[in-house]
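Participant: This is the structure I have questions about; it appears just below.
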Amino acid sequence: MSGIGQLSKREFVSLMLGLPATALLPDLAAAQASGTLNIAFPVDVQSWDPTSVTFPLGQSIYKSVFDSPLHYSPDQKLLPRQIKERKWLNDDRTRLEFTLQDNILFHDGSPLTTEDVKYSLVDRPQKDKRLAVAGLLQDLKDIEIISPTSGVMVFSKPSPSVEFYLGFLCCYILPKAYHQSVGDDGFLAKPIGAGPYKLVDYQRGSRIVLEAFDKYWGGVPPIKNVTFQALTEASTRVAAIESGQVDIAVQLPFREAIRLQSKPDLSVKIYPQAEIYMLQVPSYVEVLQNKDVRTALHMAIDKQALSKGFFAGTAKPLSILTTPGSSADIPGYSFPFNRAQATELLKKAGYSQAKPLRLTLLCPNGSFPNDYEISQAIAAMWRQIGVDVKLEETTIAKYLELNHAAKLPGIMFYSWANATGDPENYAGRILNPNLRFSAWKEPSLVERIDKLFAMKLSEERLDAYRALMKEASDNSWSIPLLQTVGNIVTKKTVEIPTYTPGYVLPAEATRKA
41 MSGIGQLSKR EFVSLMLGLP ATALLPDLAA AQASGTLNIA FPVDVQSWDP TSVTFPLGQS
101 IYKSVFDSPL HYSPDQKLLP RQIKERKWLN DDRTRLEFTL QDNILFHDGS PLTTEDVKYS
161 LVDRPQKDKR LAVAGLLQDL KDIEIISPTS GVMVFSKPSP SVEFYLGFLC CYILPKAYHQ
221 SVGDDGFLAK PIGAGPYKLV DYQRGSRIVL EAFDKYWGGV PPIKNVTFQA LTEASTRVAA
281 IESGQVDIAV QLPFREAIRL QSKPDLSVKI YPQAEIYMLQ VPSYVEVLQN KDVRTALHMA
341 IDKQALSKGF FAGTAKPLSI LTTPGSSADI PGYSFPFNRA QATELLKKAG YSQAKPLRLT
401 LLCPNGSFPN DYEISQAIAA MWRQIGVDVK LEETTIAKYL ELNHAAKLPG IMFYSWANAT
461 GDPENYAGRI LNPNLRFSAW KEPSLVERID KLFAMKLSEE RLDAYRALMK EASDNSWSIP
521 LLQTVGNIVT KKTVEIPTYT PGYVLPAEAT RKA
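And the structure:
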């Protein structure tokens, strides 16, 4: 037998029992007002400056308050949004002309113009390199203003894939005049966007209260009031939706989502996401600089067993840093699971059951479906080959802080979202040592990835990414695990579309009679 089949009975039971069926709920009475859409959400926002953080889980909230220049459809097609038209002016892809919608207003009633676009995507990032948008759009050097609703983005080098990011992370448009008048702290205390909802109340770590913006350029949302409840414990989200205290709950443990399918008053959607479970491997942790150690750790993980044990086989095991069937997938390539060979490789590196490798595995608990339980299972698999694993629970905010500062004490379990579906935002950004997203910082990859970033969208480019991803897996610079399987549970009276990036957009929700 292999994988979980070889775990002790005690370990197997402890890994598979899941979260408790009941949990102590916070007081949600204030959010039960008539007509309010209550959403049990796994996280709070990290910051009310959406250009400052790379925070996939928070995009549902940011898109609700700030909107976005472009937008991905539920089936991952890139569509117009605040930018209604765009075209490249040269073959080198260094000049992108764009036209805004004519009637976009910020929540204070002021118009959103090209000046605001330039301020948000060029001026602020150039002054403050700590902003996440500064790294994402590092080659955007200027925006030439043609009119209040049109301009040209000017890049220092070919940037053919930049359009992908205008609908994804960080590229939000802030009101220049308001931001300059109140400053950073004032904006964080009272943020203003141009999205379908405006923020009316915020209690950190508890709830985000939104109200429909009656002058939203895309039309007033059908549901006027929305409350995101920050319920970080997965069991609490389960209890909240099961008891009827919320209308929507997301990112529930898989077995709980399956169980709730039998509830006549609930609707459960389970769907594959444009997101991957992976292990971030920091190159600056000394023991992980040994290739035999990294390969052993990778080879000891029975990914199929993880899928069967936690997702009833619906989560597809991964061998490279992309989702199956995506543009840069490598059909037929498979990284092997082989516990015996993993044990031998660890022995070759000087470790054994008698002299175990000591390693920290950091993981969130409840941020992603079954994140902590999967990490427990991986730790158990590693112990079987001679690894003394310290499982350390952490938050996504703390992980991002440590990773951006290159201070991770060990391997980190993470779920990497990629609404674009493009390999640049998988391997290109996960492995680029110049970007703060990366944990494996191999200097020799800088020039190689920079060339990939500048290549025209072509099969040659995809082949180059395939080669990079295969090399990354062969060397275990990063360890891909599973394609994520998302879930959303709603009352039968609520309808909301699912997105492969996992967005929950209340502006698109409706109530059924």
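To convert, note that position 165 of the sequence shown is 205 in the working numbering; the numbers rise steadily by one, no gaps. Built from N, CA and C at the ideal position, the CB exists for glycine as well. Computed from a predicted model, the values in this text were never measured in an experiment.
#1: I'd like the span of the beta strand (DSSP E) that includes A289, first residue to last.
#2: Let's test the definition: count the other Cβ atoms within 10 Å of the Cβ of A352 and tell me whether it reaches 16, buried, or not, exposed.
#3: Between which two residues does the alpha helix (DSSP H) harbouring A419 extend?
#4: Could you give the distance in angstroms between the alpha-carbon of E1 and the alpha-carbon of W88?
#5: Starting from E535, follow its DSSP beta bridges and name the residues at the other end.
#6: So, with DSSP's three-state summary, where would you put F268?
#7: What span of residues does the beta strand (DSSP E) with S478 cover, start to end?
#8: Suppose the cutoff is 6 Å on Cβ atoms and the five residues either side in sequence are ignored; what does the same chain contact list for R247 look like?
#9: Which value, in whole angstroms, describes the spacing of the CA atoms of G468 and S484?
#10: If distances are taken between C-alpha atoms only, which option among V429, K387, T460, A547 comes closest to C119?
#11: Between the C-alpha atoms of D342 and F377, what's the straight-line distance to the nearest angstrom?
#12: Under the assumption that E315 contacts A172 (Cβ atoms under 8 Å), give the Cβ distance between them as a whole number of angstroms.
#13: Which same chain residues, not among the five before or five after W257, have their C-beta less than 6 Å away from its C-beta?
#14: With a 10 Å radius around its C-beta and 16 neighbouring C-beta atoms as the bar for buried, classify R277 as buried or exposed.
#15: Taking only three categories from DSSP, how would you classify M495?
#16: Just to confirm, is the Cβ distance from F106 to G233 under 8 Å?
#17: Using DSSP with H/G/I as helix, E/B as strand and the rest coil, what is R295?
#18: Please identify the residue among L521, K552, Q523 whose C-alpha is closest to the C-alpha of I536.
#19: Could you tell me if Y539 is buried or exposed, where buried requires 16 or more neighbouring beta carbons within 10 angstroms of its beta carbon?
#20: Got a sec, what are the start and stop residues for the beta strand (DSSP E) E282 sits in?
#21: So, using beta-carbon positions, are V333 and V327 closer together than 8 Å?
#22: Is K568 near N515, with beta carbons less than 8 Å apart?
#23: Looking at the structure shown, is K216 part of a helix, part of a strand, or coil, going by DSSP?
#24: Across the segment 362–375 and the segment 407–419, are there enough close Cβ pairs to call them in contact, namely three or more that are closer than 8 Å?
#25: Can you tell me where the beta strand (DSSP E) holding S190 begins and where it ends?
#26: Jot down the residue ranges of each uninterrupted beta strand (DSSP E) in the segment 132–197, minimum 3 residues, whole runs only, in chain order.
#27: Specify, as a first and last residue, the run of the beta strand (DSSP E) that N326 falls within.
#28: Which residues mark the beginning and the end of the beta strand (DSSP E) in which T400 is found?
#29: So what does DSSP say about A252, is it helix, strand or coil?
Facilitator: Straight from the coordinates:
#1: Boundaries of the beta strand (DSSP E) harbouring A289: 288–290, taken from the DSSP string.
#2: By the neighbour-count rule (16 or more Cβ atoms within 10 Å), A352 is not buried but exposed.
#3: Where A419 is concerned, the enclosing alpha helix (DSSP H) stretches over 411–423.
#4: Because the chain is modelled from 41 through 553, residue 1 falls outside the range shown and cannot be assessed.
#5: Answer is T550, bridged to E535.
#6: Strand.
#7: No beta strand (DSSP E) contains S478, which DSSP labels as neither H nor E.
#8: The beta carbon of R247 lies closer than 6 Å to those of T267, Q269 in the same chain, with the five residues before and after it left out.
#9: Taking the straight line joining both Cα atoms gives about 13 Å.
#10: Note that residue 119 corresponds to Leu in the displayed sequence, not to Cys. L119 has its Cα closest to that of T460, out of V429, K387, T460, A547.
#11: Their Cα atoms are separated by approximately 6 Å.
#12: Not really, about 18 Å apart at Cβ, beyond 8 Å.
#13: If we look at W257 and ignore the five residues flanking it on each side, its Cβ neighbours are Q141, N143, I144.
#14: Counting the other CB atoms within 10 Å of its CB gives R277 a total of 16 or more, which places it among the buried residues.
#15: Under the three-state reduction of DSSP output, M495 falls in the coil class, being neither helix nor strand.
#16: Inclusion of F106 and G233 in the CB contact set at 8 Å is warranted, their separation being smaller than that value.
#17: The answer is helix: DSSP assigns R295 an H, G or I state.
#18: Comparing Cα positions, the closest option is K552.
#19: Y539 counts as buried, since no fewer than 16 other beta carbons sit within 10 angstroms of its beta carbon.
#20: For E282, no beta strand (DSSP E) segment is defined; the enclosing uninterrupted segment is the alpha helix (DSSP H) at 274–282.
#21: Using a Cβ distance threshold of 8 Å, V333 and V327 count as a contacting pair.
#22: Within the shown structure, residues of the chain are numbered from 41 to 553, placing residue 568 beyond reach of any answer.
#23: Assignment of K216 by DSSP, reduced to helix, strand and coil, places it in the helix class.
#24: Contact annotation: the segment 362–375 does not touch the segment 407–419, with fewer than three C-beta pairs closer than 8 Å.
#25: 190–195 is the extent of the beta strand (DSSP E) around S190.
#26: Taken in chain order, the complete beta strand (DSSP E) segments of 3 or more residues contained in the segment 132–197 are 135–140, 180–187, 190–195.
#27: Residue 326 is actually Glu in this sequence, not Asn. It is not in any beta strand (DSSP E) - E326 carries neither H nor E in the DSSP assignment.
#28: Annotation for T400: the continuous beta strand (DSSP E) segment containing it runs 397–403.
#29: Strand at A252.
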